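Chemist: Per my numbering, the sequence shown runs over residues 149 to 1113.
If you scroll down you'll find the structure; I have some questions about it.
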Amino acid sequence: MFKVLVLLDTTTVLGELDWKTFPVNGWDAITEMDEQNRPIHTFQVCHVMEPNQNNWLRSGWIQRQAAQRVYVELRFTLRDCNSIPWVSGTCKETFNLFYLQTDEPLPGRTRFRSTDYAKVDTIAADESFTQTDLGDRVLRLNTEVREVGPVTKKGFYLAFQDVGACIALVSVKVFYKRCPSTLRNLAEFPETVPHMDSSSLVEVRGACVENAEERDTPKLYCGADGDWLVPLGRCICRIGHEEMDDHCRACKPGYFKAFAGNTKCSKCPQHSSSHDQAATICHCNKGFYRGVKDPSSMACTRPPSAPRNLVSLINDTALFLQWMPPINTGGRSDITYNVLCQRCDGGDGIVTQCEPCEPDLRFIPRPLGITGTSVAILDYAIYANYTFHVEAVNGVSGLGVAPRSLANVTVNTHQAGPAFLGIVRKDWTTHNSIALSWSEVEQPTSDIVDYEIKYHEKEQEQLIYSSTRTKSTSVVVTGLRPSTVYVFHVRARTSAGYTAFSPNFEFATAAEDIADQGQVLVVVTASVGGFSLLHTVMFLFVSYAPVPFSGIKTYVDPDTYEDPTQAVEEFAKEIDPSYICIDRVIGAGEFGEVCSGHLRIPGRKDIAVAIKTLKGGYMEEQRREFLREASIIGQFNNSNIIRLEGVVTKSELYMHLSTHLSYSNTFFPILSGRPVMIVVEYMENGALDAFLRTREGQFTVLQLVGMLRGIAVGMMYLSDMGYVHRDLAARNILVDENLVCKVSDFGMSRILEDDSESAYTASGGKIPIRWTAPEAIAYGKFSSASDVWSYAIVMWEVMSYGERPYWEMSNQDVILSIEEGYRLPAPIGCPMTLHQLMLHCWQKESSQRPSFNDMLSFLDKLIINPSSMLTLVNDALSFSDSPEEMPDYPLFISIGDWLDSIKMSQYKSNFLAAGYTTPDSIATMSIEDIKRIGVCLIGHQRRIISSIQSLRLQLHHIHQSGFQV
149 MFKVLVLLDT TTVLGELDWK TFPVNGWDAI TEMDEQNRPI HTFQVCHVME PNQNNWLRSG
209 WIQRQAAQRV YVELRFTLRD CNSIPWVSGT CKETFNLFYL QTDEPLPGRT RFRSTDYAKV
269 DTIAADESFT QTDLGDRVLR LNTEVREVGP VTKKGFYLAF QDVGACIALV SVKVFYKRCP
329 STLRNLAEFP ETVPHMDSSS LVEVRGACVE NAEERDTPKL YCGADGDWLV PLGRCICRIG
389 HEEMDDHCRA CKPGYFKAFA GNTKCSKCPQ HSSSHDQAAT ICHCNKGFYR GVKDPSSMAC
449 TRPPSAPRNL VSLINDTALF LQWMPPINTG GRSDITYNVL CQRCDGGDGI VTQCEPCEPD
509 LRFIPRPLGI TGTSVAILDY AIYANYTFHV EAVNGVSGLG VAPRSLANVT VNTHQAGPAF
569 LGIVRKDWTT HNSIALSWSE VEQPTSDIVD YEIKYHEKEQ EQLIYSSTRT KSTSVVVTGL
629 RPSTVYVFHV RARTSAGYTA FSPNFEFATA AEDIADQGQV LVVVTASVGG FSLLHTVMFL
689 FVSYAPVPFS GIKTYVDPDT YEDPTQAVEE FAKEIDPSYI CIDRVIGAGE FGEVCSGHLR
749 IPGRKDIAVA IKTLKGGYME EQRREFLREA SIIGQFNNSN IIRLEGVVTK SELYMHLSTH
809 LSYSNTFFPI LSGRPVMIVV EYMENGALDA FLRTREGQFT VLQLVGMLRG IAVGMMYLSD
869 MGYVHRDLAA RNILVDENLV CKVSDFGMSR ILEDDSESAY TASGGKIPIR WTAPEAIAYG
929 KFSSASDVWS YAIVMWEVMS YGERPYWEMS NQDVILSIEE GYRLPAPIGC PMTLHQLMLH
989 CWQKESSQRP SFNDMLSFLD KLIINPSSML TLVNDALSFS DSPEEMPDYP LFISIGDWLD
1049 SIKMSQYKSN FLAAGYTTPD SIATMSIEDI KRIGVCLIGH QRRIISSIQS LRLQLHHIHQ
1109 SGFQV
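Have a look at this one:
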């Protein structure tokens, strides 16, 4: 609301007004006293009987002060001319308002010139009064307001011109408007005078109130009518202060506020306090601590007590330590364990000396920072005494003076049983096999039934054994990797049980080229015994020719043909165009339209087909590139790969269109020359991503897994053929009427050589960033493993019903996030086992990803045992006890770090204001909680709730998981 500043009000003037009249006998000044003995100044004129009246009344000089536009309020009465007898055309019912600007008052004897004055307006009465025959008056008071200006000089005069009316001017009020001082968004704004230009606004910058600071520059705009408009920017209360009645009040003792903002002060967390006002942090009570990375809103905690019930167990291969979490966790969930080892000499139960354990003792998963409650120890010495100390630590361990939280156990490895004392020897090796032998165990306690050989790669991070059995004292271990060191253990099985395993024996496979020479030597030696040299050479040639995939032919790259047309002739069947009936256009491809129709070959049942066409006026190079895809698809024969019916490349122009289809311009490209078409089977439900988006929530998890299985079957087929797709995405999966999913769109694909380690290197072109493995993005290296990465993205698309991977993140943000270790969280309702499979496929090292054969086996197990999919990520009712099987979720101690990692940092204040300040509190949030704190965009809601589900997995793993071998 505007503020009025009065420059003149005749009703408040106590003395004479000393207004001038021209001529002197025109206007009359009448001063009367009211009941409070205050003068009432009235000016009146009523020369209606005389024609050509020109009577002027001029005010005194009025200083404008700060005004740029002023307003004049007139209160007056005016008589109706019809009520005055004997007047003809001399009577008027209006008068005129004028003004004159000057920097100084006019001298007293200045001659009055009407031409000096500028007219403001002609004033007419809304209500006029009438005098009755008895002389009584029925007075009607009029009020009119007029705007004067802009005024630019120091003062001005008002003038009133009468041209023959009967009028009484009761009061004159002159004022101007200001935007009043105000408080907005914790900023103070002073009184402000509007600009003289009514169309412009005055920008006013506010000053933050005490104990507030600018977040964005606070501004208001003063309008011409004295009203504040368009508030911009704001101030926020500083740390230690909260907003209260448009001011920032200091936090009371027992409360704190660690960040600037307009939220309330928070009560001190548990085990902490503040004794002064305006506290920015609550200090921990004695014996309690806050970690370096703990937010100030987190309760103070203390180190945990010692682990409980530490026990040891020895079997034939490893020593196991297991324990229970401490009774008192110190109020924290970030407990880890350290295993400290000492080896003690002595016999008969008498320990003489202890020293640190040998450095080659292996701890699985590791000796320090264990998140589970068990550890396996390998390569320990037989007949030795070990003392193990298990220490529980958390984020505040080491900050106080409390003793270390240790549990102790002593282990005598005599318990491992009789040892296998044989010496294991390497007899020969190839690039993928090693021949071993050993001597029989002397004087076993009972007859030997057989021998067990366990082995693993020396450098592998996880302890994953393979094993084989033999009844003889030798074995050939096959299926090994070239140039790799393996660790072997051998033990004997008797009727009385097993012996202990032998010590470690390490042997390496040969490099591939050396292995080839070795095998040649073996074959040649064998051939000397009974084959001719010719037979030997033929045998070698057959043995070392490329081995085809079992039951599947090898893919041939069309680019290897000197004339690519030959590839089309070899792999694609030519179709007579008269057999093709086009029904309608269903889309547009890179080279032309895509139509649906029927293939009507005489003597066969009609087949629904999709027809890809080449635009008219094509170049020969475009024709070859267009047909390249047909020469690729034509090599495939799998129920989950789109089927090629044939091509049209050679026939003379002849086209049979459906009777209901007119020859529209749409088909001119087809009819403009020799028809060039690719004909494939028709998929009624179209692309998988669009199909799922229109049917969200309509399928069971088992149905979705069935769709994924079909895609895996198709991709395993392609991988076995040595073929890399490069553009695997839900948009390139087509769905038929029976929900069978088929891989399509082979435009970006390239051959994968027989060597499983090789990969295609891109020479340019666009890469679908959101679906592509990091090594393919960074180095252009495509392989079957990069297709596995893309397949896991397709899994995520299917389980989220066609959600866009990484939402609205830019491609650059996607690349950086993946490099930093971020992976897509599980979609809502996704089984935990499926998300674990996705994470396995998204491992940075391509060699560590599963194969399509592995994934197909995994999906088959899920389908056979649907109960394994009952545990959803958002439920997380039970989890694997093995940390090796759990995905490595990053633990975000800070709410800000967590939101930064999922690119949702704009909601930090929302979470903090609502009291969600720790991982445990975040893990309890539902979708309704997300909406309640102000996250309105559906995509943002889904991203946050999916990340919360992943966080629940991690917290549950920290609290409850153990390790089992």
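All C-beta atoms, glycine included, are put in the ideal place defined by N, C-alpha and C.
This structure is a prediction, so every number in the text was calculated from the model and none was measured.
Q309: buried (16+ other C-beta within 10 angstroms of its C-beta) or exposed?
Modeler: buried
Chemist: Could you check where the beta strand (DSSP E) with P504 kicks off and where it finishes?
Modeler: 501 to 504
Chemist: Go ahead and pull the three-state DSSP assignment for M197.
Modeler: coil
Chemist: Do you know how far the Cα of Y437 is from the Cα of V872?
Modeler: 55 Å
Chemist: To the nearest angstrom, how far is it from the Cα of V626 to the Cα of H579?
Modeler: The question names Val, but residue 626 in the sequence shown is Thr. When rounded, the distance between both Cα atoms is 9 Å.
Chemist: So V597 and T642 are in contact, right, with Cβ under 8 Å, and what is the actual spacing, rounded?
Modeler: 6 Å
Chemist: Quick check on I475: buried or exposed, where buried means 16 or more other Cβ atoms within 10 Å of its Cβ?
Modeler: exposed
Chemist: How far does the beta strand (DSSP E) with I601 in it extend, from its first residue to its last?
Modeler: 596 to 605
Chemist: Based on the DSSP secondary-structure assignment, which residues constitute the bridge partners of C489?
Modeler: F536
Chemist: Check each candidate in I789, S787, F774, N786 and name the one with the smallest Cα separation from V795.
Modeler: F774
Chemist: From this set, Y939, C989, I462, which residue's C-alpha is nearest Y534's C-alpha?
Modeler: I462
Chemist: How many whole angstroms separate the CB atoms of N959 and I1012, which I take to be in contact at a CB cut-off of 8 Å?
Modeler: About 39 Å separates the two Cβ atoms, so there is no contact after all.
Chemist: For the segment 218 to 236 against the segment 300 to 320, do three or more pairs of beta-carbon atoms, one drawn from each stretch, fall closer than 8 Å, so that the two count as touching?
Modeler: yes
Chemist: Could you tell me if R752 is buried or exposed, where buried requires 16 or more neighbouring beta carbons within 10 angstroms of its beta carbon?
Modeler: exposed
Chemist: For V1117, tell me which candidate among D157, V742, V193 has the shortest Cα-Cα distance.
Modeler: This structure does not reach residue 1117, given that the chain is present from 149 up to 1113, and the question cannot be answered.
Chemist: Going by DSSP, name the residue or residues bridged to W167.
Modeler: Partner(s): none; W167 has no beta bridge.
Chemist: Can you say whether K301 is buried or exposed, counting buried as having 16 or more other CB atoms within 10 angstroms of its CB?
Modeler: exposed
Chemist: Ignore the nearest five residues each way along the sequence and tell me which others in F653's own chain have a CB closer than 7 Å to its CB.
Modeler: V572, F636
Chemist: Examine the Cβ distances between the segment 377 to 388 and the segment 402 to 411 and report whether three or more of them are shorter than 8 Å.
Modeler: yes
Chemist: Can you tell me the Cα-Cα spacing of S453 and A532, whole angstroms?
Modeler: 30 Å
Chemist: Does the distance from the CB of V828 to the CB of E885 come in under 8 Å?
Modeler: Against a cut-off of 8 Å, the Cβ pair of E885 and V828 comes out as no contact.
Chemist: In this structure, how does DSSP classify W937 when only helix, strand and coil are distinguished?
Modeler: helix
Chemist: Measure the alpha-carbon distance for D935 versus G862 and round it to whole angstroms.
Modeler: 12 Å
Chemist: Taking the alpha-carbon positions, what's the T558 to H604 distance?
Modeler: 29 Å
Chemist: What does the alpha-carbon distance come out to for the pair I790 and P507?
Modeler: 57 Å
Chemist: Can you tell me whether L987 is buried or exposed, with buried defined as 16 or more other CB within 10 angstroms of its CB?
Modeler: buried
Chemist: Spatial neighbours of H395 within its chain, please: CB distance less than 6 Å, with the 5 preceding and 5 following residues excluded, ordered by chain position.
Modeler: Leaving aside the five residues that flank H395 on each side, the residues in its chain whose CB is nearer than 6 Å to its CB run, in chain order, V357.
Chemist: Who does C370 pair with in a DSSP beta bridge?
Modeler: Looking at the DSSP output, C370 sits in a beta bridge with V350, W376.
Chemist: On the DSSP bridge list, what partners appear for L628?
Modeler: Answer is none; L628 lacks a bridge partner.
Chemist: Nearest by alpha-carbon distance to I525: which of R514, I518, A659 is it?
Modeler: R514
Chemist: What's the C-alpha gap between N788 and F655?
Modeler: 43 Å
Chemist: Quick one, are the C-beta atoms of C430 and S420 less than 8 Å apart?
Modeler: yes
Chemist: With respect to the alpha helix (DSSP H) encompassing K1056, which residues constitute its N-terminal and C-terminal limits?
Modeler: First-last of the alpha helix (DSSP H) with K1056: 1056 to 1061.
Chemist: Hey, quick one: how far does the alpha helix (DSSP H) through E358 stretch, first residue to last?
Modeler: Careful: E358 lies outside any alpha helix (DSSP H) and carries neither H nor E.
Chemist: Let me confirm a value: V293 is counted as buried when at least 16 other C-beta atoms fall within 10 Å, else exposed. Which label applies?
Modeler: exposed
Chemist: Could you pull out every unbroken beta strand (DSSP E) segment of at least 3 residues lying fully inside the segment 194 to 250, listed in chain order?
Modeler: 203 to 206, 218 to 226, 242 to 250
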